[in-house]
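Structure, as structure tokens:
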Amino acid sequence: MANFGGTTQRDTEVRLPRATRVRNKQPADQQITAEQILRESKELQEVDFKAPKQKISSPAELAEYRLRKRKEFEDLVRRVRWNQGVWVKYAQWEESQKDYRRARSVWERALDVSYASVTLWLKYAEMEMRARFINHARNVWDRAVTLLPRIDQLWYKYIHMEEMLNNVPGARQIFERWMQWEPDHHGWAAYIKMELRYSEVERARNIYERYVQCLPSVKAWVRYAKFEMKNGQIGLARTCYERAVGEMGEDAQTEELFIKFAEFEEKCKEPERARAIYKYALDHIPKGQAQDVYKKFVAFEKQHGDREGIEDVIVGERRFQYEAEVKKNPLNYDSWFDYIRLEEAAGDHDKIREVYERAIANTPPADEKRYWQRYIYLWINYALFEELEAQDAERTREVYRACLKLIPHKAFTFAKMWILAAQFEVRQQRLDAARKILGMSLGMCPKDRTYKAYIEVSTALEYQIDITTSCTDQAQCSVAAAFPYVCNHPNGIATLTCRRSSLCG
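Numbering-wise, the sequence shown is residues 1017 to 1521 according to our numbering.
As structure tokens, this is what we get:
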């Protein structure tokens, strides 16, 4: 092979080192971990360069040093005047040099750039307090709370300084200025705590009155009641809860207020009052928002109630479950039936009627009989309840009338409803009204069962008043025309004719 410049191909080849075979695969006597390697590398690092400390030994050197530092800070604030950190460092450096006049000048220049910065106001006032310039600090705090009255921290710091100076009237005056801005609960609570620290109970009570008028909430009233309870004024504490329920109106219909009220009565050894409060809450708060009230009521009854009270609570628990079910699916009529049976077992007629009215208000979604077959029994049970349990004939009649008006008779009908309405009138000894109901059914939607019922009622009416049989004959003719197979039925017209013959003699 040709040589170029005296080199051969062997000389130009890239030779890789030979892979070394590991002959001894046993673990080494000394193990080295990654943590050890990192620690050793950290130890071997060189120390960062630090500028040597400058020792000033004469007033001329000190003046030169201050001039140089001020020039550096001025250059910085000229370039980045919006950077608050630069202003803070500048002012703190002037403070370290005990030149408070220049430090105040720096703080004022910084506030001219950004007066809404809470940090600048805080550090400015803290500098004055550290140097014990009390009047200067008051001036700073006063300007801060005037420009930023919604920043609670400024008010807290200002008041704390006055308290540290034992200037309680001054602190009270600052609180009064703050309360004019109607702060949140924390501000009022801080004012009250300050008065209580100095045993000013009557002043604290007056502040509470202003507090509940400014922020009429459950939280404020509960705090007021606890304050009176802590001071042994049980009557005033109860008055606070009663005023909360009366003055807040619908806003007071919350779990928290009634639970606190009931717990207060329980602590005062008034179980009957607590029970009345729980029941009032369960009657007025929506069912979906009264879960905690119910749990507390159950625990209360188990502790203070008798067997009847515990049973009422259990019924209430089941009532709550049924309410959740019917709210989830109002067209689940089985849930409504269970709910109605529960109320019927309790025996409260007003509640039973309420549940029935709510149940029948959920009409089926379409005018198809298969959707109405379960629903119609709600009306039947409602009518039977009014007739048998409540024994209110007029309400029963209204139920039947409303049901027959609701059914879409042009699409389908329920013969049982017509017959039940007629049978009710028969039981009320109003045969004429029963015949009118059945006659209406024959005119709107004639069916086999209604024809038979009409003939029976007409026959009974004729026998009762001893008149001619024209109505029955007309009914028989209508049956023969509409349902010819009835004539051959064993219980049809032939049987009815024999019965009439025997009655007429």
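Glycine included, each C-beta is placed from N, C-alpha and C at the ideal position.
Q. To which residues of the same chain is A1497 closer than 7 Å at the C-beta, ignoring the five residues directly before and after it?
A. Bear in mind that a pLDDT of 46 at A1497, under 50, signals an unreliable position, so the number given afterwards is only what the model happens to contain. No residues qualify anywhere along the chain.
Endpoints, the alpha helix (DSSP H) within which N1155 is located: I1150 to L1163
**Rounded straight-line distance, which links the Cα of D1064 to that of Q1578** = Outside the modelled stretch of the chain, which goes from 1017 to 1521, sits residue 1578, for which no answer is possible.
message: Quick check: T1135 and Q1100, are their CB atoms within less than 8 Å of each other?
response: yes
*Roughly how many whole angstroms lie between the Cα atoms of V1238 and K1312?*
18 Å
Taking DSSP as the reference, what is the three-state secondary structure of L1032? coil
**Q.** Residues near C1487 by beta carbon distance below 6 Å, same chain, minus five either side
**A.** Low confidence applies here, because C1487 scores a pLDDT of 46, under 50, leaving its location unreliable; read the following figure in that light. Cβ neighbours of C1487 beyond the five flanking positions: S1474.
For W1098, the three-state DSSP class (helix, strand or coil): coil
Which residue from Q1445, D1299, I1368 and K1432 puts its Cα closest to that of A1469? K1432
Using a threshold of 8 Å, state whether the C-beta atoms of L1404 and A1375 are closer than that. no
Could you tell me whether the segment 1356 to 1366 touches the segment 1331 to 1344, using the rule of 3 or more Cβ pairs below 8 Å? yes
task: Report the residue ranges of all alpha helix (DSSP H) runs contained in full by the segment 1275 to 1342; include only those spanning at least 4 residues, in chain order.
output: Counting only runs of at least 4 residues, the segment 1275 to 1342 fully encloses the following alpha helix (DSSP H) elements, listed from N- to C-terminal order: 1287 to 1300 and 1307 to 1320.
task = Check whether the Cβ atoms of I1423 and E1441 lie closer than 8 Å to each other.
result = Not closer than 8 Å, so no.
Margin query: Is the beta carbon of F1274 closer than 8 Å to that of A1290?
Written below: no
- Task: With a 10 Å radius around its C-beta and 16 neighbouring C-beta atoms as the bar for buried, classify M1143 as buried or exposed.
- Result: buried
### Query
How many whole angstroms separate the CB atoms of M1177 and A1153, which I take to be in contact at a CB cut-off of 8 Å?
6 Å
Quick one: what does DSSP say Q1401 is sitting in, helix, strand or coil? Looking at the sequence provided, one finds Phe at residue 1401 rather than Gln. Reduced to three states, the DSSP call for F1401 is helix.
At 3 residues or longer, and completely inside the segment 1363 to 1391: list those beta strand (DSSP E) runs for me, N to C. none
Quick check on this structure: which residue in A1399, A1044, Y1387 and A1292 has the alpha carbon closest to the alpha carbon of R1411?
Comparing Cα positions, the closest option is A1399.
TODO: Examine the Cβ distances between the segment 1226 to 1240 and the segment 1209 to 1216 and report whether three or more of them are shorter than 8 Å.
DONE: Counting Cβ pairs under 8 Å, fewer than three are found: no touch.
Proximity below 8 Å, CB of W1123 to CB of A1160:
no
Worksheet item: Does the pairing of the segment 1261 to 1272 with the segment 1217 to 1227 give three or more beta-carbon distances under 8 Å?
Response: no
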